[in-house]
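Structure first, commentary second.
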């Protein structure tokens, strides 16, 4: 099964679909959500993104169960080229688990990690190149920056942009499950639209803290993001890439937050 | 330094500290004496691996743990599991993750949040934590000892020289600030919370699960007598985090 593809010139998406999430599927079906028919397999993916300019950078590394997927994707896209940078968004296991394997395969590769946070040595990151707001890596033809992660779990965290394609990598924010048959497709290639309930199926489990927020405070932060990154494609770590009509998703996320704040979390991942 | 510090009711604290510019951060584990053997709560960080290994070995008379209950898979909590299992055998791992293979724990027995499990003859209830970073985190309530193991909330940055103190014995000067500093640096999402909503959820947990001791991974143990003082400091800290963020946002706009 194919597990990677190019979604913009020089931006390759490597996808780990993971197991069928039957529990989530059953819960979604029980809500009457139209997008998820009974009996369908549901995936909550991990995504890594490989950027290939004159130099190359991998953003996130997939879970421990997907070491072969990420290495095969790297080898398929890079061939004899080196991997120059491996950057991790945060130290969560499904994002950072394969750093050591990748560095063994590409020993000259430079490890890049978020500057935010105080505890880098606890994660073997004492010698990493630390990046944050204001930092940029010019890959030659592609140019990445590392804005603050607006919505996050762990403190040691960064988001990323690629400025030539105007892409925002939103890590844990804007995730959503996809069904069998939708693997490795961008949202604009699906027959239907992503709705609030699909985004809520993810965030009501992962961003459990939405249940304690002041909804207006979050809305202001979301609206500020929408203004700052107007026109940027949205490339999440746990959903399908959003290349068209990204503005719509900021407003959908405001609805998600209001719903979770009103109804609480629905489970764990 | 002794191998472990008795907290009572069959619970011992094996603490390690990570030094930060403004103080120390605990990265601890706990040992629970159960009828069927010793249970570790969390495995600590690989940063402290040698010291932890030595102290756990000493505290268990060389036997090592027979089981480990994991608060969450973050590396400073789970990072020593493979090494400890190589050293002391494939002891049972109990974890609340819904997808163990994705979290690198394919051998774990799942603890569902909201349920209770018997581990080596001692009963634990797994709670949905209002203060956490990873979504699958659980707080662990020891029904027999009435000890509530918590991560990542309820930490305190403490001054050097007080690494084995209970929270109530820390110097008053700087203690409130230590609670604020820990939560500000660790749980960045607190900038968005409604403090009343969060504190209500926390107090509800203590009403339903009365704790003689709150046992944080990232802070000193908190005795029941000091819990209200801690909650007051926590609430003050959360309100400061929220108001500071609001002021910064207004300035930027």
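Residue numbers (this note's numbering), protein chains in the order written: chain A, 12 to 280; chain B, 221 to 473. Beta carbons: idealized from backbone N, C-alpha and C, even for Gly.
Item: Looking at C-alpha atoms only, which residue of A:224, A:230, A:280, A:270 is the closest neighbour of residue 261 of chain A?; Value: A:230
Item: Looking at residue 218 of chain A and residue 98 of chain A, is the spacing between their C-beta atoms short of 8 Å?; Value: no
Item: So what does DSSP say about residue 247 of chain B, is it helix, strand or coil?; Value: coil
Item: Going by beta carbon distance, what residues of the same chain come within less than 6 Å of residue 26 of chain A, once the five residues before and after it are set aside?; Value: 14, 56, 58, 195
Item: Near residue 303 of chain B, which residues of its chain fall below 7 Å by C-beta distance, leaving aside the five closest residues on each side in sequence?; Value: 269
Item: If you count every other CB in all the chains shown that lies within 10 Å of the CB of residue 94 of chain A, and 16 or more means buried, which is it?; Value: buried
Item: Return helix, strand or coil for residue 121 of chain A, following the three-state DSSP convention.; Value: strand
Item: Please check if any C-beta of chain A sits within less than 8 Å of the C-beta of residue 409 of chain B.; Value: yes
Item: Counting only Cβ-Cβ distances shorter than 9 Å, please list the residues of the region 214-229 of chain A near chain B, keeping chain order.; Value: 216, 217, 218, 219, 220, 221, 222, 223, 224, 225, 226, 228, 229
Item: With a threshold of 8 Å, are at least 3 pairs of Cβ atoms found where one atom belongs to the region 261-268 of chain B and the other to the region 459-473 of chain B?; Value: no
Item: List, in chain order, every chain A residue whose beta-carbon is nearer than 7 Å to that of residue 350 of chain B.; Value: 223
Item: Taking the alpha-carbon positions, what's the residue 394 of chain B to residue 321 of chain B distance?; Value: 42 Å
Item: So does the region 338-354 of chain B actually touch the region 371-378 of chain B, counting three or more Cβ pairs closer than 8 Å?; Value: yes
Item: Just the C-alpha distance for residue 65 of chain A and residue 345 of chain B, rounded to the nearest angstrom, thanks.; Value: 54 Å
Item: Does the region 158-169 of chain A come into contact with the region 198-206 of chain A, if we say contact requires no fewer than three beta-carbon pairs (one atom in each stretch) closer than 8 Å?; Value: no
Item: Residue 74 of chain A versus chain B: which residues are under 9 Å apart at the beta carbon?; Value: 319, 321, 322, 323, 324
Item: To the nearest whole angstrom, what separates the beta carbons of residue 192 of chain A and residue 248 of chain A, a pair I think is in contact under 8 Å?; Value: At roughly 21 Å, the Cβ-Cβ gap does not stay under 8 Å, so residue 192 of chain A and residue 248 of chain A are not in contact.
Item: Leaving out the 5 sequence neighbours to the left and right, which residues in its chain are closer than 6 Å to residue 255 of chain B when beta-carbon positions are compared?; Value: 341
Item: Taking the C-alpha atoms as reference points, what is the distance between residue 408 of chain B and residue 387 of chain B?; Value: 23 Å
Item: Note down, in chain order, each residue of its chain lying with its Cβ closer than 7 Å to the Cβ of residue 116 of chain A, except the 5 sequence neighbours on either side.; Value: 82
Item: Hey, quick one: how far does the beta strand (DSSP E) through residue 434 of chain B stretch, first residue to last?; Value: 433-436
Item: Taking a cut of 7 Å between CB atoms, which residues from the region 237-268 of chain A lie near chain B?; Value: none
Item: Contact between the region 71-86 of chain A and the region 260-277 of chain A: three or more CB pairs below 8 Å?; Value: no
Item: Quick one: list the residues of chain A neighbouring residue 370 of chain B, beta-carbon separation under 7 Å, in chain order.; Value: None at all; the shortest Cβ gap to chain A is about 15 Å.
Item: Which residues, in order along the region 97-117 of chain A, keep a beta-carbon less than 7 Å from a beta-carbon of chain B?; Value: 102, 103, 104, 105, 108
Item: Check whether the Cβ of residue 403 of chain B lies closer than 8 Å to any Cβ atom in chain A.; Value: no
Item: Are any of the Cβ atoms in chain A nearer than 8 Å to that of residue 263 of chain B?; Value: no
Item: Who are the Cβ neighbours of residue 318 of chain B in its own chain at under 8 Å, not counting the five residues just before and after it?; Value: 330, 356
Item: Pop quiz: residue 363 of chain B and residue 343 of chain B are said to be a contact at Cβ under 8 Å. What is the actual Cβ separation, rounded to whole angstroms?; Value: 4 Å
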